[in-house]
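Participant: Chains as they are written, first to last, in the numbering used here: chain A, 1 to 370; chain B, 1001 to 1416; chain C, 2001 to 2560.
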Amino acid sequence: MPKALKINKSVDEGIKELLEFLIQNEKIKGVFTLKKMNDEGAVSYSLITDLDELKEAVPLYPFMPVNAGKVLSAFSLQAATKERVAAVLRPCELRAFVELVKRVQGSLENILLISLTCGGVYTLKSLNNGNLAKQLPQYWEAVKKAEIDPDIRVTCRSCENFIPHLADMTVAAVGKKDIDNECVILLNSQKGEDFALNAPGSAITEEMETADTEKLKKLRVEQKEKLFDDFDKNGVGTKAFIKTFAACLGCHACSHACPICFCTLCDFDSKSCEYQPLSFVSELSQKGGLKVPPGNIFFHLGRMTHMAVSCISCGMCSDVCPVNIPVATVFTRVGDSLQKVLDYIPGRDVEEAVPSGTYKEEEFAEVGEQ
Amino acid sequence: MKSAQKEKKSNPQKGKILPADEGTRKAVLDFLKKSLEKSYFDVLLIPAKTPETKSYSWILLKDESLLEQADPLPPVMTVQGGNALSSITKHGDPNLRIGALMRPCEIRAAVELFKLNQIDLDNISLISIDCPGAMPLQEYMVEPDKIADSFKTISEKWEISDTLRPVCQICHRFSLASLLPSSEPESSSDQSERVLPASDLHIGLIGTENKNIFFIPVTDKGKDILEKLGLSPEDSLQDWESKVEEMRKSKLEKKEKFNQEWQNKIEGTDKFVAAFDACINCHNCMRVCPICYCQQCYFDSQFLNLSPGDYLERAEKRGALRFPLDTILFHLGRMSHMVLSCVACGACEDACPMSIPVAQIFTLVGDQTQKDFHYVPGRNRGEPLPLQDFVEDEFGEVETPSEGAEVSTEEAEKNA
Amino acid sequence: MNGSIGVYVCECGPNIKDRIDIDKVIEEISSKEDIKTIKRFSLLCSNDGKKFLEDDIKKEELTHVVVAACSPKDHEKTFMNVCGKAGVNPYLFQLINIREQCAWMIPDKEEATSKAIKYIRAGIHRVVLHNPLEKIEIESNPDVLVIGGGISGLEASLSLAGKERKVFLVEKTESLGGMAKKLSQLLPHQGANLSTIEEKIKQTEKDENIEVFTSTEVTDVKGFLGNFEVSLKADGGNGEEQKIKVGAIVVATGFRLFDPKEKPQYGYGKIENVITALEFEDMIESGKILLKNEKPPKSVALINCVGRDDKGYCSKVCCLYSIKFAHHLKDKLSDVEVTDFYIDLCLPHKDDQNYYEEAKKKGIHFLRTGEVKIEEKGGKIEVRYKKDGKSESISVDMAVLAPAMVPGEDTSKLAEMLNIPVDKTGFFKEVHEILDPISTPIEGVYIAGCALGPKNIPESIVQSQAISGKILSSLIPGKKIEPEVKVSVIREEFCTGCQTCLSVCFYGAISFDSFKGVSVVNEAICRGCGSCVGSCPSGAIWSKHFTYPQLYQEVLAALK
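(1) List the residues of chain B whose Cβ lies closer than 7 Å to the Cβ of residue 2499 of chain C, in chain order.
(2) Hey, quick one: how far does the alpha helix (DSSP H) through residue 303 of chain A stretch, first residue to last?
(3) Can you tell me whether residue 2099 of chain C is buried or exposed, with buried defined as 16 or more other CB within 10 angstroms of its CB?
(4) Evaluate the contact criterion for the segment 1042-1060 of chain B versus the segment 279-299 of chain A: three or more CB pairs, one atom per stretch, below 8 Å.
(5) What are the boundary residues of the alpha helix (DSSP H) that residue 2026 of chain C is part of?
(6) Can you check which of these residues, C:2323, C:2407, C:2510, C:2423, is closest to residue 2277 of chain C by C-alpha distance?
(7) Return the chain-ordered list of same chain residues with a C-beta closer than 6 Å to the C-beta of residue 1033 of chain B, the five sequence neighbours on each side being excluded.
(8) Going by beta carbon distance, what residues of the same chain come within less than 8 Å of residue 2365 of chain C, once the five residues before and after it are set aside?
(9) What does residue 265 of chain A touch in chain C if you count any residue whose Cβ is under 9 Å from its own?
(10) Measuring alpha carbon to alpha carbon, tell me which of C:2284, C:2301, C:2037, C:2257 ends up nearest residue 2273 of chain C.
(11) Helix, strand or coil for residue 2473 of chain C, going by three-state DSSP, please let me know.
(12) May I ask you to report which of helix, strand or coil DSSP gives residue 61 of chain A?
(13) If you measure between the beta carbons of residue 1165 of chain B and residue 1346 of chain B, is that distance less than 7 Å?
(14) Can you grab the Cα-Cα spacing for the pair residue 2183 of chain C / residue 2172 of chain C, in whole Å?
(15) According to DSSP, is residue 2327 of chain C part of a helix, a strand, or is it coil?
(16) Determine the direct distance from the alpha carbon of residue 173 of chain A to that of residue 118 of chain A, and round the result to whole angstroms.
(17) Look up residue 1204 of chain B in the DSSP assignment and give the residues it is bridged to.
(18) According to the neighbour-count rule (16 or more other Cβ atoms, all chains shown, within 10 Å of its Cβ), is residue 245 of chain A buried or exposed?
(19) Is there a C-beta anywhere in chain B that falls below 7 Å from the one on residue 229 of chain A?
(20) Does the distance from the CB of residue 220 of chain A to the CB of residue 160 of chain A come in under 7 Å?
(21) Which of the three DSSP states is assigned to residue 364 of chain A in this structure?
(22) Less than 7 Å between the C-beta atoms of residue 2380 of chain C and residue 2393 of chain C, yes or no?
(23) Quick one: which chain B residues come within Cβ less than 9 Å of residue 48 of chain A?
(24) Can you tell me where the alpha helix (DSSP H) holding residue 2151 of chain C begins and where it ends?
(25) When burial is assigned at 16 or more other CB atoms within 10 Å of the CB, is residue 2515 of chain C buried or exposed?
(26) Residue 2503 of chain C CB to nearest chain B CB: under 7 Å?
(27) Classify residue 273 of chain A as helix, strand or coil using the three-state DSSP reduction.
(28) Using CA coordinates, which residue listed in B:1041, B:1337, B:1055 is at the minimum distance from residue 1221 of chain B?
(29) Report yes if the CB atom of residue 250 of chain A is closer than 7 Å to the CB atom of residue 296 of chain A, and no otherwise.
(30) Is any beta-carbon of chain B found at less than 7 Å from that of residue 2538 of chain C?
(31) Note down the Cα distance separating residue 1369 of chain B from residue 2012 of chain C, rounded to an integer number of angstroms.
(32) Within the segment 2229-2281 of chain C, note down every full beta strand (DSSP E) run reaching 3 residues or more, in order along the chain.
(33) Since residue 1205 of chain B contacts residue 1129 of chain B with CB under 8 Å, what's their CB separation in whole angstroms?
(34) Beta carbons nearer than 7 Å to chain B: which residues of the segment 2287-2299 of chain C have them?
(35) According to the Cβ coordinates, are residue 1055 of chain B and residue 247 of chain A closer than 7 Å?
(36) Thinking C-alpha only, which one of A:193, A:266, A:130, A:151 is nearest residue 27 of chain A?
Written as structure tokens, this is what we have:
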């Protein structure tokens, strides 16, 4: 049975105590985690090096202002960090970071990865209603019971990858009835164990996957299947696809929020995708009208071909869409399908090459066969 | 330096009054239909309902039958008209005669983009229309029918409802500015005549009790449109002008209050930073802003990227470093780049996923800084952008701080 | 990148050694920075020093070099040359000024040392991001276009023309000589008769290295220093187009006279016998000073400063030529009364005072008043003026007006064609009255004579000679031009063609490619000032030697 650290504090306080220990004993220079910005519930990721500032940290706050994979990528883009830091991030954020590392957009070196069995996050809009604070009790109840809080992101409700296999340490949350008094931090790797040496708390052993996590997984898969069914009935085919994205403004907020979309200048933001005068003339000669700015559907399909294979379904795209298009649902459905066909799970293994960059002689035969 | 002009004498403008028996929307669309039938325009640029949704999109419309779904004043502003127009001519003139019907702030944005060489206006006729405002986009997307109903009442009665977008509630430039007496700061460049005004033709709706619509020709092109469609501008515009002035006064009153209120809310580093506490640095505001025309925004580029060692050093200086970085720098930087051309259209606030009052903040700053340069963005095609123009005596308030401090806007205008 | 950096600290005799703890510098830099070597030397700019540097760079196989010594103004080129000789691209080099900016201004040794260390670290972090820029050489044409065949143009042509340098002299009117030729005589201390002018015209026409085009106009100018392409049209701009290639352009288009009709108070064009100075010169030329009724005048008023207040500047030459007229009148018509009206008397040259005194001795009256008013009264001219607050007047037969000098009529057209500025008086504007008085922001385009503003003939000649000096020394036949290397460059994919950079470029180095819809920097004209870089909101323009990463890293390292 894998080793774990048990701290007799609530799960929020326990993880903070561990972080404090790590900084104080100079095992890490700083930690990436969520930090309070004000008293109205606004949070932001922060690289915290000072213990006083750490007091304002809220590592397990169920909110994702930005996918932390993007944050770690920005941090380690130019080079691997020479000094050790820790990062507290959700399973999908970790998978996103791994996908970015595969594309040389960051480095895992010297980063202690701390995650949790994840109960999901609320949408960005929930903060605006001022209700987020009121939601918290309901959220943690669902976590304890290994159930789904109905108000979390659609992608979270259907996420079966809520167990972070690549983390060095994992805060056990899902299904743990006594998270108000006890914080169990699983040590998933040798690195995790090394960092936890002499940490406050008692050494225990505990499994990461339990009956409760299995229960939640089943529920989540059910949700996913419902979501996919619904989509398959109403969202598939050219017409349906166009209808889904009909309200699209072409703002490209989705691609810029997406952790996998890392291009400095996205092709769809560049001049090459802008219409030349003749294109307008030719399209208008064939149709009675043309939506401008043009090219929205092309953008979404194009982005899909570029990144769906690595889509980790975090749901940032839907959250930032000004016109409430269920982008994440579409991309999750297609991503899931594509990943199955290619037998690829994004973020599962940093050594596993991205399919678009590999050549296998026997692959995707279904397409070749008629 | 010219002293700020007091009330200008209004040109005794003549227009054309048409009956709107089936409602103003139909009357406007009929006019546009005629312009297509008579081949005055090859295509129109107008918002239309997106099929099978409740949303609206800009359509470059060739086929008259599509006019059935068109709406000159939808309850929301989805894509800013300046952006729609810019996407058409950015890489050259497609040589289509386009009649573009847009809200005044969209027209003004288009004029700013024209000054920045992003729009070619040679084959485009700009048609502005009295605007009652727009409703918050995100609210509309959640409850389209309810919001559309509110909007219908608001636009029929010309109420300054507090359900409208905040920047619309204080917008005193909702009609055709250039022909009416105004308290606009006089341009510091020599633009004494109303040379090359913003739109070619204006459609007046306010003060008509929805019984008529007014057509006001502004440029020779505008006059030509009316004449070619058999509508000679011979009617008095008195009713409309007086109602516009009334509404303008009410809006200006609201604006003064708004300016004071927001000055208190965000003045000073602490307050300004706090306003952006919830900002996730997604840059949506920049993306939908018509004035933000850069192919790649400086704040999206890799220029601001540092090594992990540098990040850690920065973090250690203050004990914590917010990621994504440079949130406040982004807003201040964007502000310094575009606020002199800010037309207060509110697209930014509509697009913010965290409901930060970006438009209100930028409108406040835009208002103050534009006054300092005696500049009104988009009022006049020939008026050079302050950042591209050299005026020998300019911005004296900055050089002599004792004069610059505590100067009210009227005084600043007088001293100009 | 696998590079190796070498740092060299110069003792600069005692200058740096005594004020900065160089050992400490070496110790700190070695421990804090990833460099191949750091050494000190007594005087790096000496022959020994340069040899040492060259040898050591080769020995250590360095790719980037930092020298901490004096001001770049002193020896940047020196050390860049050494790098070049040692096989390192001269731009992968940074000179850190620890003399003027540290040793010479900070009395406390510890403080000075600490600052020097910061500067050197900043330089190291910067130099690793430098681009290995290459010098460009472009062919240049030594020939010169002179626009305007007046005295300035003639002088410039004569000074410049030679076997290896052709001058194209383009004159709008039918003949050379300009305004100077319209005079009947010069001032006595300028050599009274016009033979000087005649001589110059003859010389010019004879010179086989000067090609004269009369009745010809310049219709278009393209290109830049060393490589201008000019279009000419004969027949007053209506004839066939001819193209010539030159390396420099001298604008000597002179002036016109203010039209006194614009000031009705002088009665010009209405009252008989009110004439301008040029008309009076014609009379002198014809040999007879006569009124309209063919009789000689018994009294003449010379009115100066006509139009001075309107224009806002003094035209410098009129006071003297009015005195010339006064002398002439007194010499030719023995009993004539001459009154010279002026607002201020302008007698700046060595012999002017004497000329004025002699005029007074001849009985010429000089009256200092404000502006005068000319009216007709009983067939004679009444000149009304104010003296000590009282209204007075005199009655004369003839009034000669000295109108202000105003810019030539083609000034604004030429300014646009050549992209050179005019100031609020309408005359062309030089770059700097003291530091660069005959240059324009456009390299290779110069202005001489009254095109720049009122001046007399000797001054015009001096300016033309100055320009010739500049051109002779910079545009050498057979020698290529090496334009600035550290220029700006626009990244096409990121440029949206808003032309903000174009509007701030003082040197006209940016043009707009309308096919691609982007702005383009002409690297041969660009002076590397960086205004465009600052003006681009997107960062689509980079300076080749002042990129954002270079600047940021330099600053960050300095603040460590």
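Glycine included, C-beta positions come from ideal geometry on N, C-alpha and C.
Facilitator: Taking the geometry as given:
(1) 1117
(2) 296-307
(3) buried
(4) yes
(5) 2022-2032
(6) C:2323
(7) 1064, 1067
(8) 2337, 2338, 2339, 2340
(9) 2493, 2494
(10) C:2301
(11) helix
(12) coil
(13) yes
(14) 19 Å
(15) helix
(16) 7 Å
(17) B:1214
(18) buried
(19) no
(20) yes
(21) coil
(22) no
(23) 1315, 1319, 1320, 1321
(24) 2151-2160
(25) exposed
(26) yes
(27) helix
(28) B:1041
(29) yes
(30) yes
(31) 51 Å
(32) 2241-2246, 2248-2251, 2255-2257, 2274-2276
(33) 7 Å
(34) none
(35) yes
(36) A:193
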